[in-house]
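Chains as they are written, first to last, in the working numbering: chain D, 1 to 222; chain Z, 223 to 524. C-beta atoms are modelled at their ideal positions from N, C-alpha and C, and glycine is treated no differently. Predicted model only: the values in this text are computed from it and were never measured. See structure below.
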């Protein structure tokens, strides 16, 4: 049986007092899990804690991920460098992406590898023509594609995404969902996302955890 | 609303009254020093300051270093002195800016823990608490009279001054790009160079221009303690009571500062929060960046 990408045991998160307590979750390779729930339950705090951005109050997070580049984090407002280009933003991910071989299987030098990876990923999300455009000149949908490309270029074992499909029209949302699902399934990675809309969560995720009622949901899984 | 205005008025009025009371205390109630003051200034102006010694600008200096350029202006004391001040200010601004970036990234609370932040801020405070003229005296003692002392003094002061402005700017940048980079596992230097600097580039450009202006102004003062530049000529002229020479140098400094101010405003008019200005024009040179942007956008629509 494949080792889980992340295993969360009895986790409590919050700032001074716990927002979420006794949270348990295990995500296997190739699996996408969506956390749903009403606002204010601590979904974002939970995700930021798993990303290692804020300390946990108690419990365990066991991650089977690389130290550098293992976690691809897409915050709610995407966390892109607005004054920089698409290339620059995707390059941030590519810096810690895995090694890339050329067509004959030879290892390219770091700079070339990085450049190849960036161009391939930008092509994948359909933004080749916009590669030198600054982020602030892109539409909301295009910016989400850049955030997706940044995460993919990084080749993470675990993608954490915080409502990154919000405010997207169906066409854009569908295409980003397809990209993410393809990446996770083809690379045996995992994805944990927070999603406000249950319909979208069902569309992208293999499993849904309702934070307002997660114990029941997890028991169902077991 | 009116109660709020009244409160503001009362507080403002009280502060002005308090300032007068403190001033009266400082002059120990003796306001006699002010009587006849303007007359003294007129007399000083007529006898010592005016007319300026224009030869300092348009004639080659008699003392070494000798100058081989045919146009005498380029060999004049005012030109060579001002050029030296400008060079000193440029070098100090560039090195100071680099030093400030390096230190400020260890002084911003959204980038480093308190254990790193506090000592770095102490270093920055120390470099800033001594005025650049005191640093100039220190460096004149260490490296001797000349422009190097001035450059070092201005560099240290620039690090302290810009460092503070920069870490405050860094603390104000959006949290999310930093968090995304941190979650990825990027190093501190990668986060600074790839996220912090691009995110703050507009403000940093504004700061560097401001600091250059500031260093040119202060570079003229540093000469007074032997740290090179046009200030050194002013110091010598004052020692010999040649106040019309001092006046000439002050006119040169004034003209150069105004030119730098114009250039700086011109460059800054390209830089706004959105950096969307395609062009600038003479009409927007004197406007702040935000107003210049509105002007250009209005023109574009037309």
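Relative to the Cα of residue 132/D, the nearest Cα in the group 110/D, 32/D, 89/D belongs to 89/D. Contact between residue 274/Z and residue 395/Z fails: their C-beta atoms lie close to 48 Å from each other, not under 8 Å. In terms of Cβ geometry, residue 121/D and residue 84/D do not form a close pair [threshold 9 Å].
Taking 8 Å as the Cβ-Cβ cut-off, the region 49 to 81 of chain D approaches chain Z at 51, 52, 53, 66, 67, 68, 69, 70, 71, 72, 73, 74, 75, 76, 77, 78, 79, 80, 81, given in chain order. The residue among 470/Z, 326/Z, 450/Z, 372/Z with its C-alpha nearest the C-alpha of residue 411/Z is 326/Z.
Taking residue 167/D as the centre and dropping the five residues before and after it, the same chain places the C-beta of 140 closer than 7 Å to its C-beta, in chain order.
Contacts with chain D at 9 Å (Cβ-Cβ) do not include residue 332/Z. C-alpha of residue 308/Z to C-alpha of residue 438/Z: approximately 6 Å in a straight line. Under a 10 Å Cβ-count criterion, residue 424/Z is classified as buried, with 16 or more other Cβ atoms of the shown protein chains found around its own Cβ.
Against residue 178/D, chain Z offers no close residue; the least beta-carbon distance is about 22 Å (beta-carbon pairs closer than 9 Å). Within chain Z, the residues 406 have their CB atoms less than 8 Å from the CB of residue 93/D, given in chain order. The bridge partners DSSP lists for residue 26/D are 7/D. For residue 73/D, the secondary structure class from DSSP, reduced to helix, strand or coil, is strand.
For residue 84/D, the nearest beta carbon of chain Z is closer than 9 Å to its own beta carbon. Residue 200/D is outside the set of residues whose beta carbon lies under 9 Å from a beta carbon in chain Z.
Listed along the chain, the chain Z residues whose CB falls inside 9 Å of the CB of residue 88/D are 416, 420. Counting only the Cα atoms, residue 186/D lies some 24 Å from residue 112/D. The continuous stretches of alpha helix (DSSP H) do not include residue 190/D, which lies in the beta strand (DSSP E) extending over residues 190 to 194. Chain D places a beta carbon closer than 9 Å to that of residue 400/Z, counting this residue as a contact.
A Cβ-Cβ separation of about 7 Å places residue 176/D in contact with residue 145/D under the 8 Å criterion. Within the DSSP secondary-structure output, residue 12/D pairs in a beta bridge with 58/D. Under the three-state reduction of DSSP, residue 333/Z is assigned to coil, being neither helix nor strand. Residue 150/D and residue 48/D have their C-alpha atoms roughly 18 Å apart. When the five nearest sequence neighbours on each side are left out, the beta carbons in the same chain lying within less than 8 Å of the beta carbon of residue 482/Z are those of 434, 435, 438, in order along the chain. Taking the Cβ atoms as the reference, residue 158/D lies roughly 7 Å from residue 189/D, within the contact range of under 8 Å.
In this structure, the CA atom of residue 20/D is about 25 Å from the CA atom of residue 407/Z. By alpha-carbon distance to residue 443/Z, the top candidate from 458/Z, 429/Z, 431/Z, 432/Z is 458/Z.
At a cut-off of 9 Å between beta carbons, residue 375/Z makes no contact with chain D. In the structure shown, the three-state DSSP call for residue 93/D is helix. Contact of residue 428/Z with chain D is not assigned, every C-beta pair being separated by 9 Å or more. Along the region 113 to 197 of chain D, the beta strand (DSSP E) occurs as fully enclosed runs of 3 or more residues at 158 to 162, 190 to 194, listed in sequence order. Linking residue 237/Z to residue 347/Z through their CA atoms gives a straight-line distance of about 29 Å. Interface annotation, residue 393/Z: not in contact with chain D, CB-CB separation never under 9 Å. The beta carbon of residue 328/Z lies closer than 6 Å to those of 334, 338, 342 in the same chain, with the five residues before and after it left out. Under DSSP, the beta-bridge partners assigned to residue 85/D are 134/D. Interface annotation for the region 139 to 157 of chain D against chain Z: 154, criterion Cβ-Cβ distance under 7 Å.
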